[in-house]
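Residue numbers (the working numbering): 147 to 290. Just so you know, even glycine gets a beta-carbon here, dropped at the ideal spot from N, CA and C. Worksheet for the structure shown next.
Structural data, given as structure tokens:
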């Protein structure tokens, strides 16, 4: 408990260390201009995070484009497109919104029926690998 109270509330010896921006002096110490070095270090970390994020977004975009060419993987994106991109937020009439809701629900029913047909064609070996994987994934998601 003592260690926790020293580090997290930033009291005690931690108040006067270089971990806190207010402690840096404006003088050069050992040839280092501390405010500039601090700013440069934070800027470098943020720029590196930006580059990594940009790279991962590019790779994900390329992979999803390539997956859409493959019709078996395109079904996965169909659910996402219907769920998150299927609604038109410019609709203002209640009747139009109800029709759109019915259309989206009908599309989901068609997708589920198609998925059931595909599952009926699975072999026992494929089913023995699919269902335990689903149980494991559900357990991880639910935190059991």
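(message) Could you compute how far the alpha carbon of residue 191 sits from the alpha carbon of residue 185?
(response) Taking the first residue of the chain shown as position 1, residue 191 is located at position 45. Taking the first residue of the chain shown as position 1, residue 185 is located at position 39. The straight-line gap from Cα to Cα measures roughly 10 Å.
(request) Go through the stretch 253–288 residue by residue and report every complete run of the alpha helix (DSSP H) that reaches 4 residues or more, in order. (result) 270–288
(message) Report the CB separation of residue 237 from residue 243 in whole angstroms; it is logged as a contact under 8 Å.
(response) As a first step, residue 237 is located in the chain shown; it is residue number 91 there, counting from the start. As a first step, residue 243 is located in the chain shown; it is residue number 97 there, counting from the start. Their Cβ separation, rounded to whole angstroms, is 5 Å, which keeps residue 237 and residue 243 in contact under 8 Å.
(message) If you reduce the DSSP assignment to three classes, tell me which class residue 178 lands in.
(response) Translated into the one-based positions of the chain shown, residue 178 becomes position 32. Correct three-state label for residue 178: strand.
(message) Rounding to the nearest angstrom, what Cα-Cα distance links residue 252 and residue 259 in this structure?
(response) Mapped onto the chain shown, residue 252 falls at position 106. Mapped onto the chain shown, residue 259 falls at position 113. So the two alpha carbons sit approximately 11 Å from each other.
(request) Compute the minimum distance between the beta carbon of residue 249 and the heavy atoms of the ligand PLP, and state whether it is under 8 Å. (result) Ligands in the displayed structure: none, and consequently the ligand PLP is not present.
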